[in-house]
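Following the numbering used here, the numbering of the sequence shown begins with 71 at its first residue and continues without gaps. A quick write-up on the structure given underneath.
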Amino acid sequence: MKNAGLFILSLCVSPVLAGCSYSGGPIVDASRNSTGSHHASSFEQTEFNTESYDDIIENNFLSVKENPLSTFSIDVDTASYSNVRRFLNQNQTPPAGAVRIEEFVNYFDYNYPQPEDETPFSVHNEVAVCPWNKEHRLVRIGLKGREVELENRPASNPVFLLDVSGSMNSPDKLPLVKKALKLLIEQLGENDRVAIAVYASASGLVLPSTTCDHANEILGALDRLNAGGSTNGGQGIQLAYATAIENFIEGGINRVILCTDGDFNVGISNRSDLSDLIIQKAKSDVFLSILGFGKGNYKDAEMEELTNKGNGNYAYIDSLNEAKKVLVEQAAGTLITIAKDVKIQVDFNPAKVQAYRLIGYENRLLNAEDFHDDTKDAGEIGAGHTVTAMYEIVPWGVDSPAGFAEPSKYKKPSVSSSTNDIVKSDELLTVRLRYKQPESDESIRFDVPLNDDNNSFDAASLDFQFAASVAEFGLLLRDSKYKGDASFENVRVLAIQNQGDDLHGYRSEFIQLVDKAAKLAGEY
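What follows is the structure, encoded as structure tokens:
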């Protein structure tokens with residue numbers, strides 16, 4: 071189910087919005103066509119904000135009898151959470167399209183076990199009562215990438231692709247880009263190489279691939295950069311990939327790191343053509359990271375889509391602290407891909423589950439047959455990364471919110487799903503996984519079943535409960551029709567009770583954001 075339409079944010083327009091709650095900041099305006107989908111519209115204003123977000127159509131509850139398989143690509147992006155944090159810290163309610171719940175949940179690390187064999191990631195499944203609907207169950211699927219110490223990693227060949235157009239001329243853009251990349255350079259060694267490509271009206275290579283024992287030369291090239299001109303992103307992308315390929319390290323880390331506000335406005339500028347370009351370049355075994363910066367004209371929708379197409383990950387840098395998280399604390403995960411094209415397919419037991427809903431991952435859904443198709447692109451896992459997905463499931467014996475579809479007259483009726491005669495198994499579901507090694511085109515599969523021991527929510531692990539509070543927060547910010555009994559107060563209580571060690575303070579910061587959102591919503 072692909073995102074439908076594009077939001078364009080503008081100041082001083084009517085707050086009559088197309089399904090988006092927004093106050094205190096840029097206002098979303100969208101018009102509907104006859105089919106009900108959203109089309110972007112904009113207005114000329116003396117002052118205007120042209121940030122853009124896709125209209126996310128939430129996953130519905132699906133009947134297991136009609137849809138026993140749920141298939142999607144994993145996602146380790148975190149940009150949505152830090153971008154929404156920026157809105158809340160400015161006392162603005164974020165547009166619903168900015169809230170991708172899977173990126174909220176995946177912003178935080180969880181104590182999943184390390185893989186014990188040659189598999190590059192472990193899988194941990196858990197189920198308990200759903201906190202916003204006590205009649206339902208909540209399933210958490212957790213993946214943990216194998217940790218690689220930075221000093222033990224292979225040599226790296228990153229190419230920094232920097233937007234130096236006029237739109238980057240503000241303190242939270244190009245100056246922050248420079249500070250962020252200096253943090254990453256400090257993590258590299260003499261066996262690593264760095265190149266710097268820039269683009270504005272035209273593109274150029276301001277630093278050819280240079281070994282990091284010449285750090286002063288690299289830092290000097292960064293310091294000399296200034297912003298000005300229009301934005302020819304397509305030309306810059308071609309140059310950066312060409313530079314990475316020219317200096318390709320076999321068995322090493324080959325990556326383009328794009329730093330931009332996403333405002334591509336000359337050359338190859340529309341999303342479809344840029345996506346096609348990235349898909350073509352991704353075949354080179356050069357991976358892509360996108361770091362988003364700034365506000366006012368921020369193009370989240372474009373960058374999120376490009377990352378999905380380019381074997382990459384996407385983070386939004388709203389502060390130097392966030393830069394440290396992504397480029398220092400998680401440097402190995404940002405640089406080192408340990409598994410690519412990772413797909414999950416959940417096979418629900420119709421004797422145990424009446425209906426289910428995947429929370430988030432709306433633009434990562436795959437067809438069931440795509441699970442076996444090695445030509446279908448999917449997400450990547452970096453070293454040490456955790457990936458979490460959550461399902462709200464409806465057991466038998468309660469009313470199902472799944473829509474009814476009259477069965478085909480050509481299909482033979484099946485045994486009623488209300489009996490245990492369909493599958494003689496106590497399993498609730500089986501998680502099937504497929505992945506490829508970073509330099510392979512052939513996937514590997516393994517399965518992990520899950521039984522439901524009827525745990526209460528209080529009996530669930532600390533990490534399960536905290537992740538559930540984050541998902542509930544996302545439902546509230548989206549004003550989701552599936553939010554049930556969710557409340558900011560409940561989110562706050564759960565987060566406080568399950569804060570854990572919180573080494574870097576990210577969970578305590580989350581609690582502060584919950585308080586800000588609650589005040590904006592008038593809850594307290």
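Cβ atoms here follow ideal geometry from the backbone N, Cα and C, with glycine treated the same way.
Review point. Looking only at its own chain, which residues have a Cβ that is under 7 angstroms from the Cβ of Y368, when we skip the five neighbours before and after it?
Key: E121, D331, G332, G362
Review point. Do you know offhand how far A352's Cα is from I315's?
Key: 11 angstroms
Exercise for review: Can you have a look at Q305 and say buried or exposed, based on whether 16 or more other CB atoms are within 10 angstroms of its CB?
Suggested key: buried
**Study point:** D125 versus R504 - alpha carbon distance
**Key:** 29 angstroms
Exercise for review: Tell me whether the beta-carbon of E196 lies closer than 7 angstroms to the beta-carbon of R210.
Suggested key: Yes, these two residues count as a Cβ contact at 7 angstroms.
Point to revise | I126 - containing alpha helix (DSSP H), residue span | key: Note, I126: premise wrong, no alpha helix (DSSP H); not H, not E.
Review point. Any contact of the segment 403-423 with the segment 154-168, i.e. 3+ C-beta pairs under 8 angstroms?
Key: no
Point to revise | Backbone CA spacing between N176 and E432 [nearest angstrom] | key: 15 angstroms
Review point. Taking only runs of the alpha helix (DSSP H) that begin and end inside the segment 347-398, which ones reach a length of at least 4 residues, in chain order?
Key: 370-379, 390-394
Point to revise | R562 versus D572, K586, H574, S354, residue with shortest Cα-Cα distance | key: Nearest Cα to R562 within the set D572, K586, H574, S354: K586.
Review point. Among residues of its own chain, excluding the 5 on either side of E114, which ones have a beta-carbon nearer than 6 angstroms to its beta-carbon?
Key: Because the pLDDT at E114 is just 31, under 50, the model does not fix this residue reliably, and the value given afterwards should be weighed accordingly. Excluding sequence neighbours, E114 sits near nothing in its chain.
Exercise for review: Please report the Cβ distance between S226 and L405, rounded to the nearest whole angstrom; I am assuming they are in contact, meaning their Cβ atoms lie under 8 angstroms.
Suggested key: 6 angstroms
Practice item. Compute the beta-carbon to beta-carbon distance between A453 and E217, rounded to the nearest angstrom, for a pair I have assumed lies under 8 angstroms. Key: Indeed, because the Cβ distance is near 6 angstroms, the residues count as touching under 8 angstroms.
Review point. Which value, in whole angstroms, describes the spacing of the CA atoms of E593 and R577?
Key: 21 angstroms
Check your understanding: Do the segment 455-467 and the segment 566-584 touch if we need at least three Cβ pairs shorter than 8 angstroms?
Key -> Short answer: they don't touch.
Review point. Under a three-way DSSP split, which group does F534 fall into?
Key: Helix.
Review point. Roughly how many angstroms separate the alpha carbons of K204 and G167, rounded to a whole number?
Key: 27 angstroms
Point to revise | Segment contact, 8 angstroms Cβ cut-off, at least three pairs: the segment 372-380 with the segment 178-188 | key: no
Practice item. State the beta-bridge partners of E186 as determined by DSSP. Key: DSSP, once it has assigned bridges, lists no residue as partnering E186.
Review point. Quick one: what's N521 bridged to in DSSP?
Key: E497
Exercise for review: Inspect the beta-carbon positions of I288 and I255 and report whether they are closer than 7 angstroms.
Suggested key: yes
Practice item. Would you kindly work out how many angstroms separate the C-alpha atoms of E173 and R325, rounded to a whole number? Key: 22 angstroms
Practice item. May I have the straight-line CA-CA distance separating N222 from T148, to the nearest angstrom? Key: 25 angstroms
Point to revise | Enclosing beta strand (DSSP E) for A425 [first to last residue] | key: 423-429
Practice item. Thinking E476 and F357 are a contact (beta carbons under 8 angstroms), I'd like their distance in whole angstroms, please. Key: About 46 angstroms separates the two Cβ atoms, so there is no contact after all.
Practice item. Report the three-state DSSP secondary structure of L573 (helix, strand or coil). Key: coil
Check your understanding: Of all the options G430, W202, S526, N525, which has the alpha carbon lying nearest to the alpha carbon of E596?
Key -> The first residue shown for the chain is 71 and the last is 594, placing residue 596 beyond what the model contains.
Check your understanding: What separation, rounded to the nearest whole angstrom, lies between the Cα atoms of E512 and D447?
Key -> 12 angstroms
Check your understanding: Is it buried or exposed for S143, if we count other Cβ within 10 angstroms and need 16 for buried?
Key -> buried
Practice item. Report yes if the CB atom of P278 is closer than 7 angstroms to the CB atom of A265, and no otherwise. Key: Yes, they are a contact pair.
Practice item. Spatial neighbours of E186 within its chain, please: CB distance less than 8 angstroms, with the 5 preceding and 5 following residues excluded, ordered by chain position. Key: S192
Review point. Apart from the five residues on each side of it in sequence, which residues of its chain come closer than 8 angstroms, Cβ to Cβ, to I581?
Key: R562, A565, I566, Q569
Check your understanding: Run through DSSP, which three-state label would F474 get?
Key -> F474: coil per DSSP, three-state reduction.
Practice item. Using only alpha-carbon positions, find the residue among Y311, P224, S140, K422 that is nearest to S495. Key: Taking only the C-alpha atoms, the option nearest S495 is K422.
Check your understanding: Curious, which full-length alpha helix (DSSP H) runs of at least 4 residues does the segment 162-206 contain?
Key -> 171-175
Check your understanding: Could you check where the beta strand (DSSP E) with N227 kicks off and where it finishes?
Key -> 226-233
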